[in-house]
Amino acid sequence: MSTHPNAEAIAKIREMSKDNGTRLVTIVAEEYVPGGLELIYVLDAGGELRTVRSRSGLDDEQESLSSVFKGAENMEREIIDLLGARFEGVKGGLFLMPGGVVAPLRRAAAGGE
Amino acid sequence: MAVTTLIPFGPQHPVFLEPLNIQLKLDEETVVGAEINYGYNHRGMERAMAADFRRTIYMCERVCGICSFFHSSTYCRGMEEIFGIEAPERARHIRIVMMECQRLTSHLLALGHTAEAMGYESLFMQCFREREAIMALANRVTGNRVHYSLNTIGGVRRDITAEQKAEMLKAMDALEDRFAPLAKVFRTDRTIRRRTVGKGVLSRADALSYGAVGPVGRASGIGQDLRQTCYHGLDFRPIVRDEGDSYARTMVRVDETFQSIGLIRKALETMPDGPLTVPAKGNPSGESFTRQEAPRGEVMYYIKAQGKVELERLKVKTPAFVNVAALSAMVPGCEVADIPVITVSVDPCICCTER
Chain A
1 MSTHPNAEAI
11 AKIREMSKDN
21 GTRLVTIVAE
31 EYVPGGLELI
41 YVLDAGGELR
51 TVRSRSGLDD
61 EQESLSSVFK
71 GAENMEREII
81 DLLGARFEGV
91 KGGLFLMPGG
101 VVAPLRRAAA
111 GGE
Chain B
1001 MAVTTLIPFG
1011 PQHPVFLEPL
1021 NIQLKLDEET
1031 VVGAEINYGY
1041 NHRGMERAMA
1051 ADFRRTIYMC
1061 ERVCGICSFF
1071 HSSTYCRGME
1081 EIFGIEAPER
1091 ARHIRIVMME
1101 CQRLTSHLLA
1111 LGHTAEAMGY
1121 ESLFMQCFRE
1131 REAIMALANR
1141 VTGNRVHYSL
1151 NTIGGVRRDI
1161 TAEQKAEMLK
1171 AMDALEDRFA
1181 PLAKVFRTDR
1191 TIRRRTVGKG
1201 VLSRADALSY
1211 GAVGPVGRAS
1221 GIGQDLRQTC
1231 YHGLDFRPIV
1241 RDEGDSYART
1251 MVRVDETFQS
1261 IGLIRKALET
1271 MPDGPLTVPA
1281 KGNPSGESFT
1291 RQEAPRGEVM
1301 YYIKAQGKVE
1311 LERLKVKTPA
1321 FVNVAALSAM
1331 VPGCEVADIP
1341 VITVSVDPCI
1351 CCTER
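So the protein sequences, as listed, match chains A and B. The numbering of the first sequence is our numbering, which starts it at 1 and goes up by one. The numbering of the second sequence is our numbering, which starts it at 1001 and goes up by one.
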C-alpha cells in the first residue's frame, strides 16, 4: 500500500478514471502556506469539472498520476520545475534547464546559479 | 541485427513556427519512438501575471499570439466569478463574436500551415489571404489585429456599432463563398488525402489518457466542445470524427471554419441592446476555475485571490500543453517523411505550451 501523502487522492482519481470519458484537465500546485504543498487535480467527467485536493509538505515525495493518465507526467514535471516538489519516478527538466533558476514559484524562491 | 537511429526533429525546423525538439527513434524509415523536449520558450508568465490582477489582462493576452482574446476572456470570466458579477448580455455576445473571429484566423493559419507542410504553396497563400481579411476586420472593430484589448473585468471596453455589424455580416458572406473551394481541395484532393489519411492516428483511449482537447480530441471521437455550455442560446453542436488521423484533424478545422461563420452571424443577429460593463470594485477574495473553448481546445484559468492586488496563484492550462504531448502516441509506426504533416496537424503552439 502506498504511503505517499497524495495516495488517497490518486486512489480516488483512479476510481473516477474507470468512468469512460473522464480526463485529466490539469494539476494546479501551490505553496499554500510556507513549506506546504497543495495539489488540486482538476478532472472533466462528462463535461462537469471535478477537483480532488491533497495537502502535504513541499518536500514530501508524491505518488505520480502518470500510471492513470499519461498526460499527467508533463504536468508533474512542470510542478517539479516550478515548485521543487518530488514525484516518485518522475524527473523535472521540462521547461527549466540545469544551472538556471530553481523552483521559482516557491514563496522563498530557492534561486539559481 | 536491427539498427536504431536517433534523429533530432527541431528545435529549428522549416515546419515549426516556434522551437520544439522531437527526438525520433527510427528503424530504417519507420518511427519506433519519440521523445518530446521543451524548454526553449519558457517565459515564467504565471508568476508575472499574478503580480497585479488589474494588469493581468494585458499579460494574459500575450500568452499566445493566435488565441489571445480567449485568454483574456477566460481570465475576465474567472475574475467576474470571484467578484460575484456577470458581464452584461451584450458584452457576452461581443465576446462570442470576437472569439469566433479569432477562431477563424487560427484555423485558417493552421490549415494554411498544413498546406504549406505538404508543398501546397498556392493553397497556403489562399488560406492566408482569407485570414488577412478577418484580421483587417478585427482591426476595424477593435483597433487591433492580434491583441484585441477589448476585455475588461465586468464586460468589454468597446461596442460593435450597427455599421460594423453590417460590415461583419458582409465579410462572413464573402469568406463563406471564398473558403468553400479551398475546403473542397482539403476534403477531396488526392495528394492531400494520401499524405493525411491513416497518418498519425491517435486512438480515443490515447486521446483521453493524454487529455487531448479541441480539434485533436474531437478528431479522435471525443465529443466535447465547451461552446456547448458557454454559448447558450446559439444552438451549438460539436463536430466530431472517429478516424483520429491527420485528415480527421484537418477536416474538423475545415468544418469548424464554416461553423464559426454561422456562430458569428447568429451572435450578431441575436445581440441585445444594453450596457457593456458592470463595475468591479475593490480587491476580491475567492477562487475560480474557468474554461473556454479556444481554437486549439480547452483553456482553463485557476485564480486564487486573497483581497490584495497580488493574486495568490494564477494557473493557466493551455490546450497545446496536452495536445503536443499526444504526438508521442501518434508517430510510432509512421514513416519519417510523414512527421512534418502529422506535427502540423496537431497545430502546436509552443508559446501556449511553455507560457
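Cβ coordinates follow ideal geometry from the N, Cα and C atoms, glycine included.
{"query": "Rounded C-alpha distance that separates E1061(B) from R1055(B)", "result": "11 Å"}
{"query": "L8(A), DSSP secondary structure in three states", "result": "The question names Leu, yet the displayed sequence has Glu at residue 8(A). DSSP places E8(A) in helix when its eight states are reduced to three."}
{"query": "Neighbourhood of E113(A) by C-beta distance below 6 Å, restricted to the same chain and skipping five residues each side", "result": "Residue confidence is low: E113(A) scores 43 on pLDDT, short of 50, so the model does not pin down where it sits. No coordinate-derived value is stated."}
{"query": "C-alpha gap between P1019(B) and L37(A), whole angstroms", "result": "32 Å"}
{"query": "Beta bridge counterpart(s) of A29(A) as assigned by DSSP", "result": "L39(A)"}
{"query": "Residue-chain proximity (N6(A), chain B), Cβ-Cβ < 9 Å", "result": "no"}
{"query": "Segment contact flag, the region 1131–1149 of chain B with the region 1321–1330 of chain B, C-beta cutoff 8 Å, min 3 pairs", "result": "no"}
{"query": "Three-state secondary structure (DSSP) of G112(A)", "result": "A caution first: G112(A) carries a pLDDT of 48, below 50, which makes its placement in the model unreliable, though a value can still be read off. The answer is coil: DSSP assigns G112(A) none of H, G, I, E or B."}
{"query": "As assigned by DSSP and simplified to three states, the class of V102(A)", "result": "coil"}
{"query": "Inter-stretch contact (C-beta, 8 Å, three-pair minimum) for the region 1268–1275 of chain B and the region 1180–1197 of chain B", "result": "no"}
{"query": "Contacts of G71(A) in chain B (Cβ-Cβ under 7 Å)", "result": "S1209, Y1210, G1211, V1322, A1325"}
{"query": "Any C-beta of chain B under 9 Å from that of G35(A)", "result": "no"}
{"query": "Amino acids of chain A, ordered along the chain, whose beta-carbon sits closer than 9 Å to that of T1229(B)", "result": "G47"}
{"query": "Secondary structure of A45(A), DSSP reduced to three states", "result": "strand"}
{"query": "Neighbour-count burial assignment, P1014(B), 16 or more Cβ in a 10 Å radius", "result": "exposed"}
{"query": "Nonlocal neighbours in the same chain, by C-beta distance under 8 Å from L1006(B), ignoring five residues either side", "result": "Q1023, L1024, K1025, L1026"}
{"query": "Inter-stretch contact (C-beta, 8 Å, three-pair minimum) for the region 1211–1221 of chain B and the region 1160–1171 of chain B", "result": "no"}
{"query": "Min CB distance F87(A) to chain B below 9 Å", "result": "no"}
{"query": "Neighbour flag for S1328(B) against chain A, beta carbons, 9 Å", "result": "yes"}
{"query": "Residue-chain proximity (H1071(B), chain A), Cβ-Cβ < 9 Å", "result": "no"}
{"query": "Which residues DSSP lists as bridging V1299(B), in chain order", "result": "Q1292(B)"}
{"query": "Through-space distance from S1220(B) to S1203(B), alpha-carbon basis", "result": "6 Å"}
{"query": "Opening and closing residue of the alpha helix (DSSP H) in which F1009(B) lies", "result": "Note, F1009(B): premise wrong, no alpha helix (DSSP H); beta strand (DSSP E) at 1004–1009."}
{"query": "Cα-Cα separation between I10(A) and L65(A), rounded to whole angstroms", "result": "7 Å"}
{"query": "Cβ of I1222(B) within 9 Å of any chain A Cβ", "result": "yes"}
{"query": "Through-space distance from A7(A) to V1254(B), alpha-carbon basis", "result": "44 Å"}
{"query": "Candidates Y1040(B), A1002(B), E1035(B), of which the one nearest Q1012(B) by Cα", "result": "Y1040(B)"}
{"query": "Test item: CB-CB of F87(A) and Q62(A) under 9 Å", "result": "yes"}
{"query": "Short CB-CB distance (under 9 Å) between R1237(B) and chain A", "result": "no"}
{"query": "Contacting residues, own chain, Cβ-Cβ under 6 Å from E1293(B) (five flanking each side not counted)", "result": "D1225, L1226, R1227"}
{"query": "Bridge-paired residues (DSSP) for D1027(B)", "result": "T1004(B), T1030(B)"}
{"query": "9 Å Cβ cutoff, G112(A) in contact with chain B", "result": "Caution applies to G112(A), whose pLDDT of 48 falls short of 50 and renders its modelled position unreliable; the value that the coordinates give is listed next. Answer no: the Cβ-Cβ gap between G112(A) and chain B never drops below 9 Å."}
{"query": "is_contact[E15(A), chain B] using C-beta, thresh 9 Å", "result": "no"}
{"query": "Proximity test, Cβ basis, 9 Å: M1300(B) and chain A", "result": "yes"}
{"query": "I1022(B) in three-state terms, based on DSSP", "result": "strand"}
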